[in-house]
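Okay, so the sequence shown: first residue is 482 according to the working numbering, each after it adds one. Note that CB positions come from ideal geometry on N, CA and C, so glycine has one too. None of these values were measured; they are calculated from a predicted model. Comments concern the structure below.
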Amino acid sequence: MAGHSIPHFHNDLGVSTIRLRVKEFMCTGAKPPFDHPHIFIDMGSDNEAICSYCSTRYVYDAALPGVCAPPECELEAAA
């Protein structure tokens, strides 16, 4: 996995479902400092997964123009 960046997502908006264009990612629950332990999720051959910590539902959608919808749910690295 060297050289491979895993995207992180949060659910500060409180939406029931976050659609993703990736199947491997980290769920943080919320933005720091209110985040939960970062949970690695690999959907494998499935098209949806639920975070075991915060129960956010993630659904794979290869047709998304961006990495996630809503786009505000992507946690970007601090500069």
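query: What is the rounded straight-line gap between the Cα of Ala-559 and the Cα of His-489?; result: Low confidence applies here, because Ala-559 scores a pLDDT of 48, under 50, leaving its location unreliable and the question unanswered by this model.
query: For His-517, count the other beta carbons within 10 Å of its own beta carbon; 16 or more makes it buried, fewer makes it exposed. Which is it?; result: exposed
query: Using a Cβ-Cβ cutoff of less than 6 Å, which residues in the same chain neighbour Thr-498 once the five nearest sequence positions on both sides are dropped?; result: Arg-538, Val-540
query: Which of the three DSSP states is assigned to Glu-529 in this structure?; result: strand
query: Shortest alpha-carbon distance to Cys-532 belongs to which of Val-503, Asp-493, Met-507?; result: Met-507
query: Out of curiosity, what's the CA-to-CA distance linking Asp-493 and Ala-511?; result: 5 Å
query: Count the other C-beta atoms from every protein chain shown that fall within 10 angstroms of the C-beta of Ile-487, then say buried if there are 16 or more, exposed otherwise.; result: exposed
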